[in-house]
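Trainee: Each residue of the sequence shown is one higher than the last, beginning at 350 in the working numbering.
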Amino acid sequence: MLRPVSLFVGLRYTRAKRRNHFISFIALASMIGIALGVTVLITVLSVMNGAQRELQTRILGMAPHVIITGQGGRIANWQSVIKEVTPMEGVAAAAPYIATQGMIRTHGVNQYAMIQGVDPSLQQSVSIIDEHMLVGSLLDLQPGEFGTIIGSGIARRLNVFPGDKITMLALEGTTATPAGISPRMKRFTVVGIFEVKAEVDSNLVVIHLEDAAKLLRFNQQVSGIRLKAVDVLQSASLAHKVSQNLTMPHFTSDWSRTHGSLFRAIQMEKTMMFILLSFIIAVAAFNIVSTLVMVVTDKQADIAILRTLGASPATIMGIFMIQGGLNGFFGTVIGLIGGVTLSLTLTDFVAWIESSFGVAIMPGDVYFVSFLPTHLVINDVVNVAASAFLMSLLATLYPAWRAASLKPAEALRYE
Numbered sequence: 350m351l352r353p354v355s356l357f358v359g360l361r362y363t364r365a366k367r368r369n370h371f372i373s374f375i376a377l378a379s380m381i382g383i384a385l386g387v388t389v390l391i392t393v394l395s396v397m398n399g400a401q402r403e404l405q406t407r408i409l410g411m412a413p414h415v416i417i418t419g420q421g422g423r424i425a426n427w428q429s430v431i432k433e434v435t436p437m438e439g440v441a442a443a444a445p446y447i448a449t450q451g452m453i454r455t456h457g458v459n460q461y462a463m464i465q466g467v468d469p470s471l472q473q474s475v476s477i478i479d480e481h482m483l484v485g486s487l488l489d490l491q492p493g494e495f496g497t498i499i500g501s502g503i504a505r506r507l508n509v510f511p512g513d514k515i516t517m518l519a520l521e522g523t524t525a526t527p528a529g530i531s532p533r534m535k536r537f538t539v540v541g542i543f544e545v546k547a548e549v550d551s552n553l554v555v556i557h558l559e560d561a562a563k564l565l566r567f568n569q570q571v572s573g574i575r576l577k578a579v580d581v582l583q584s585a586s587l588a589h590k591v592s593q594n595l596t597m598p599h600f601t602s603d604w605s606r607t608h609g610s611l612f613r614a615i616q617m618e619k620t621m622m623f624i625l626l627s628f629i630i631a632v633a634a635f636n637i638v639s640t641l642v643m644v645v646t647d648k649q650a651d652i653a654i655l656r657t658l659g660a661s662p663a664t665i666m667g668i669f670m671i672q673g674g675l676n677g678f679f680g681t682v683i684g685l686i687g688g689v690t691l692s693l694t695l696t697d698f699v700a701w702i703e704s705s706f707g708v709a710i711m712p713g714d715v716y717f718v719s720f721l722p723t724h725l726v727i728n729d730v731v732n733v734a735a736s737a738f739l740m741s742l743l744a745t746l747y748p749a750w751r752a753a754s755l756k757p758a759e760a761l762r763y764e
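1) Go ahead and pull the three-state DSSP assignment for Glu548.
2) Helix or strand or just coil, what does DSSP make of His414?
3) With 16 as the cutoff for other CB atoms within 10 Å, does Val731 come out buried or exposed?
4) Identify, in the order they occur along the chain, each residue of the same chain with its Cβ nearer than 8 Å to the Cβ of Phe678, setting aside the five sequence neighbours on each side.
5) Can you list, in chain order, the residues of its chain with a C-beta nearer than 7 Å to that of Ile383? Leave out the 5 residues immediately preceding and following it.
6) Helix, strand or coil for Ser627? Go by DSSP, reduced to three states.
7) For Asn426, which three-state DSSP category applies?
8) Measuring straight from C-alpha to C-alpha, what distance separates Val549 and Ala376?
9) Can you have a look at Gly609 and say buried or exposed, based on whether 16 or more other CB atoms are within 10 angstroms of its CB?
10) Tell me the residue span of the alpha helix (DSSP H) that contains Ile654.
11) Do the segment 582-594 and the segment 495-514 meet, that is, are 3 or more Cβ pairs less than 8 Å apart?
12) CA-CA distance, Gly674 and Thr664?
13) Could you name the residues that DSSP lists as bridge partners for Phe600?
14) Express the C-alpha separation of Arg536 and Gln472 in angstroms, rounding to a whole number.
15) According to the neighbour-count rule (16 or more other Cβ atoms, all chains shown, within 10 Å of its Cβ), is Asn636 buried or exposed?
16) Determine the burial state of Lys756: buried for a count of at least 16 other Cβ atoms within 10 Å of its Cβ, exposed for fewer.
17) Below 8 Å on the Cβ atoms is my guess for Arg606 versus Pro413; work out the distance and round it to an integer in Å.
18) When you compare only the Cα positions, how much space is there between Ile652 and Thr745?
19) Compute the distance between the beta-carbons of Val733 and Val387, then report whether it is under 8 Å.
20) Quick check: what's the CA-CA separation for Leu564 versus Arg613?
21) Mark Gln450 as exposed unless 16 or more other C-beta atoms lie within 10 angstroms of its C-beta, in which case mark it buried.
22) Please classify Trp604 as buried or exposed, where buried requires at least 16 other C-beta atoms within 10 Å of its C-beta.
23) Go through its chain and collect everything with a Cβ distance to Pro492's Cβ below 6 Å, but skip five positions before and after it.
24) In three-state DSSP terms, what is His481?
25) Suppose the cutoff is 6 Å on Cβ atoms and the five residues either side in sequence are ignored; what does the same chain contact list for Val642 look like?
26) Measure the C-alpha to C-alpha separation of Val555 and Asn568 and round it to an integer number of angstroms.
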């Protein structure tokens, strides 16, 4: 009988109109505060999860999971190396590449670029670039035709389209002339444009492996071999395995050396944001303490009558815990609805703002993606909701204990 009495009276106190409107205002403020904290916390965690997912899919989809390079900076017998590493456990695919830095020029405009020579058929198995082509395909790169595929950011900056000519200047393989050092130069035809919505859109140009070898005078050599791991999170152990088993003199590295700090930073920021934003909920929950303390003071006579009629301290305590808990519960539910809704629509909303007002909130040359990613994770939603409700319940303990400790004789003395 004790729990139904606590529930019945607690619900009546929650629904009843209070004589003191200030108490009602504080109760409403605490509910809104909890709802706001839950909404913001879920949204921020969703953005962090989205950034982590985009890093793993887009960035690591373009970047090599493991790199094999020769001791002299080049690999001559790359075909045999690929045959040796492909059967290894954990290796999904392998492809050669030639990489250098340079400039591309057209219409009097210069643009820094990372020049990458690839084998189109092998590159399709280790990179997601072919899945994000706006125009053309990797297979449009034919040896000897000196075609190139460029990022959408470069295309917009240089105002070039498929079929246009660009001049490529490579810093590696320079030629000594009486006038000084001259970079290697060659005219290329744009045959494709890709858009990964990441930093590479603004600095990467792709050409055929054989054309890159001619441009840089590599003579059938390559800069290295990139591996795609079956499990991208096991790339470090895969690099170690390759290093232990590959017969030729070589160096190996994995993506964690180039992008690992960014991955760890996102994880750390997610943890810190959870802790910091939880204080919003904690402050709102503290308002529940204030509300219930004032309610207890306002209801002293009622408490004394209930105690006189035989209600135990546990019953009285349960009444006010239910009242405060319901406040936190409704605030949490409202926050859940707001947080989930905002998380599911934020990416499109930010994109709409960018297109409507012509502003770049997430420029690709500043951030590693050119849009605001979100990814709603159920575990995060459950953890946030549970934390908010638990804080609300903890906030009810002191005022509920104070109500249960009230002596009936003292409470009724001045009634």
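Note that the Cβ used here is the ideal one computed from N, Cα and C, for glycine as well.
Mentor: Answer, in terms of the structure:
1) It is helical.
2) Assigned with DSSP and collapsed to three states, His414 falls in coil, not helix or strand.
3) Exposed, by the Cβ-count rule.
4) Excluding sequence neighbours, Phe678 sits near Phe738 and Ser741.
5) Cβ neighbours of Ile383 within its own chain (closer than 7 Å, five residues either side excluded): Ile630, Ala633, Ala634, Gly677, Gly680, Thr681, Gly684, Ala737 and Ser741.
6) Correct three-state label for Ser627: helix.
7) Here Asn426 carries a coil assignment [DSSP, helix/strand/coil].
8) Taking the Cα positions, Val549 is about 51 Å away from Ala376.
9) Its Cβ having fewer than 16 others within 10 Å, Gly609 is exposed.
10) Per DSSP, Ile654 is one residue of the alpha helix (DSSP H) stretching across Gln649 to Thr657.
11) Taking 8 Å as the limit for Cβ pairs, the verdict is that the segment 495-514 does not touch the segment 582-594.
12) For Gly674 and Thr664, the distance between alpha carbons rounds to 15 Å.
13) Phe600 is bridged to Thr418.
14) Near 23 Å, if we compare the C-alpha coordinates of Arg536 and Gln472.
15) That one is buried.
16) Burial state of Lys756 is exposed, judged by a 10 Å Cβ sphere holding fewer than 16 other Cβ atoms.
17) Taking a contact as a CB-CB distance under 8 Å, the pair Arg606 and Pro413 does not count as one, their CB atoms being some 11 Å apart.
18) Rounded to whole angstroms, the gap between the alpha carbons of Ile652 and Thr745 is 16 Å.
19) Result yes, Cβ atoms of Val733 and Val387 sit closer than 8 Å.
20) Computed Cα separation, rounded: 38 Å.
21) Per the 10 Å Cβ criterion, exposed.
22) The residue is buried, with at least 16 neighbouring Cβ atoms inside 10 Å.
23) If you ignore the 5 residues before and after Pro492, its C-beta comes within less than 6 Å of the C-beta of His557 and Glu559, all in its own chain and listed in chain order.
24) Assigned with DSSP and collapsed to three states, His481 falls in helix.
25) Within the same chain, Pro748 come within 6 Å of Val642 by CB-CB distance, once the 5 residues on both sides are set aside.
26) Their backbone Cα atoms lie some 19 Å apart in a straight line.
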